[in-house]
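Enquirer: Residue numbers (the working numbering), protein chains in the order written: chain Y, 89 to 393; chain C, 39 to 148.
Think of the CB as a built atom: it goes at the ideal place given N, C-alpha and C, for glycine as much as any other residue.
One structure follows; several queries about it will come next.
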């Protein structure tokens, strides 16, 4: 395309490509073509018309390109948002489904207990109720202790940019508190409203703590129904010492107070499907002599580790 | 005049047909557009300079788009696709800018 004889003095190739680019952005081919035309060497007649047609076609292709590029960009942009919206929608739908199913389960549970009351005699029902209250299957009401544990400050390290997590409450802390409450004679415990049963789990999943797979967040409130001196027993026991140490060392918050008139909801589900009597029951036939039985069963709160 | 009509026809065609771009070609679309804009700005400037040439325009348009896509493809294969895309965009951007500045001088005498 470049004719070496045409304008040889103008077509000096500068070694610096960028300088040339800035100085003369127009394709040099146009100047060459113009020079050819000036010398009468350019296309003429039918060829010229054909070339004009090809130019029109090229421009049409260009418009086409612009149109599809625009459409593509418009279609691409919300792709990420769309995916997120769909996920959020799914989560909300599933959540409402879960709520509906839970409501139905509660209603069916009520039906079952009503039928049971109607079928069984008063003494059997009373015994069943006691057992349910002890195992966490029925809501209970009473006085006891309210223990509140909260995260300490979690400053961001200015060098690494990582958040310090050592002042966070860990699952083991909650396990220890729950076990100490059982040991101090608690008959029913709920963590942030989640009633603990014999098969409850308190586990860490990343930064969240899950109680029976339901996330709980700081501050963690352990409500326990038990003897009147439960709060003092907890506060003066090994757990109280442990948490006071945490307070002084990491700035976590800790409080154990007596509370009255607490209502603990029933546990959502008892995952215990099959039970086998480990030892022959005593002659009296009473399988659970009071609150003492629930004390050792709290150890499964470490379950799943 | 014909050029503008052809351009509009192309846009209308693109909207009406609404073709789906194959996923393999999608990364090259933006680069192809930039290359095409470079060819167009060069063509318009040449027109205003009075040295427009059909053959030169068509060849520069096709060559620009193909070469730009090729460079990006090569970069993708070598693992430097992003950097090469940036290089293509910088070079073509400079040319577009210079040509548009020349067009501006033609149109506004400033």
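From the beta carbon of residue 148/Y, is the nearest beta carbon of chain C less than 8 Å away?
Expert: Counted from its first residue, the first chain places residue 148/Y at position 60. Residue 148/Y counts as touching chain C.
Enquirer: Determine the extent of the beta strand (DSSP E) in which residue 236/Y is found, giving its start and end residues.
Expert: Here residue 236/Y corresponds to residue number 148 of the first chain, with the count starting at 1. Taken as a continuous stretch (DSSP letters only), the beta strand (DSSP E) holding residue 236/Y covers 228-238.
Enquirer: Tell me whether the beta-carbon of residue 266/Y lies closer than 8 Å to the beta-carbon of residue 322/Y.
Expert: As a working note, residue 266/Y is residue 178 in the first chain. As a working note, residue 322/Y is residue 234 in the first chain. Cβ atoms of residue 266/Y and residue 322/Y: not closer than 8 Å.
Enquirer: Out of curiosity, what's the CA-to-CA distance linking residue 118/C and residue 240/Y?
Expert: For this step, residue 118/C is matched to residue 80 along the second chain. For this step, residue 240/Y is matched to residue 152 along the first chain. Cα to Cα, the separation comes out at about 46 Å.
Enquirer: Determine contact between the segment 334-352 of chain Y and the segment 222-239 of chain Y, defined as no fewer than three beta-carbon pairs at a distance below 8 Å.
Expert: Verdict: yes, contact present.
Enquirer: Consider the Cβ of residue 110/C: report whether some Cβ of chain D lies at a distance smaller than 8 Å.
Expert: No chain D appears in this structure, whose protein chains are Y and C.
Enquirer: For residue 110/Y, count neighbouring C-beta atoms within 10 Å of its own C-beta (all shown protein chains included) and say buried if the count is 16 or more, exposed if not.
Expert: Indexing the first chain from 1 puts residue 110/Y at position 22. That one is exposed.
Enquirer: In angstroms with no decimal places, state the Cα-to-Cα distance between residue 361/Y and residue 224/Y.
Expert: In the first chain, counting from the first residue as 1, residue 361/Y sits at position 273. In the first chain, counting from the first residue as 1, residue 224/Y sits at position 136. Straight-line Cα distance between these residues: approximately 15 Å.
Enquirer: Look at the alpha carbon of residue 229/Y and the alpha carbon of residue 247/Y, and state the distance between them as a whole number of angstroms.
Expert: To locate residue 229/Y, count along the first chain from 1; it is residue 141. To locate residue 247/Y, count along the first chain from 1; it is residue 159. Cα-Cα distance, rounded: 50 Å.
Enquirer: What residues from chain C crowd round residue 107/Y, counting only those whose CB sits closer than 8 Å?
Expert: Working through the first chain from its first residue, we reach residue 107/Y at position 19. Residues of chain C passing the Cβ test: none, with the nearest at roughly 11 Å.
Enquirer: Could you say which of 71/C, 139/C, 57/C, 64/C lies nearest to residue 127/C if we only look at CA atoms?
Expert: Walking along the second chain from the start, residue 127/C turns up at place 89. It is 71/C whose Cα lies nearest to the Cα of residue 127/C.
Enquirer: Tell me, please, which residues DSSP counts as bridged to residue 311/Y.
Expert: Locating residue 311/Y in the first chain gives position 223, counting from the first residue. BP columns for residue 311/Y point to 234/Y, 278/Y.
Enquirer: Is residue 207/Y buried or exposed, if buried means 16 or more other CB atoms sit within 10 Å of its CB?
Expert: As a first step, residue 207/Y must be located in the first chain, where it is residue number 119. Exposed, by the Cβ-count rule.
Enquirer: Taking DSSP as the reference, what is the three-state secondary structure of residue 117/Y?
Expert: Counting from 1 along the first chain, the entry for residue 117/Y is found at position 29. In the structure shown, residue 117/Y sits in a helix (DSSP, three-state: H, G or I).
Enquirer: Do the CB positions of residue 153/Y and residue 92/C come within less than 8 Å of each other?
Expert: Translated into the one-based positions of the first chain, residue 153/Y becomes position 65. Translated into the one-based positions of the second chain, residue 92/C becomes position 54. No. Outside cutoff.
Enquirer: Identify whether residue 244/Y lies in helix, strand or coil by the three-state DSSP scheme.
Expert: Sequence index remark: in the first chain, residue 244/Y carries index 156 (1-based). Looking at residue 244/Y - three-state DSSP - the assignment turns out to be strand.
Enquirer: Pull up the distance between the alpha-carbon of residue 69/C and that of residue 292/Y, whole angstroms please.
Expert: Here residue 69/C refers to the residue found at position 31 when the second chain is read from its first residue. Here residue 292/Y refers to the residue found at position 204 when the first chain is read from its first residue. Rounded to whole angstroms, residue 69/C to residue 292/Y spans 48 Å at the Cα level.
Enquirer: Go ahead and pull the three-state DSSP assignment for residue 68/C.
Expert: Taking the first residue of the second chain as 1, we reach residue 68/C at position 30. It is helical.
Enquirer: Given this structure, state the Cα-to-Cα distance separating residue 164/Y from residue 146/Y, to the nearest angstrom.
Expert: Counting from 1 along the first chain, the entry for residue 164/Y is found at position 76. Counting from 1 along the first chain, the entry for residue 146/Y is found at position 58. Approximately 26 Å, taken between the alpha carbons.
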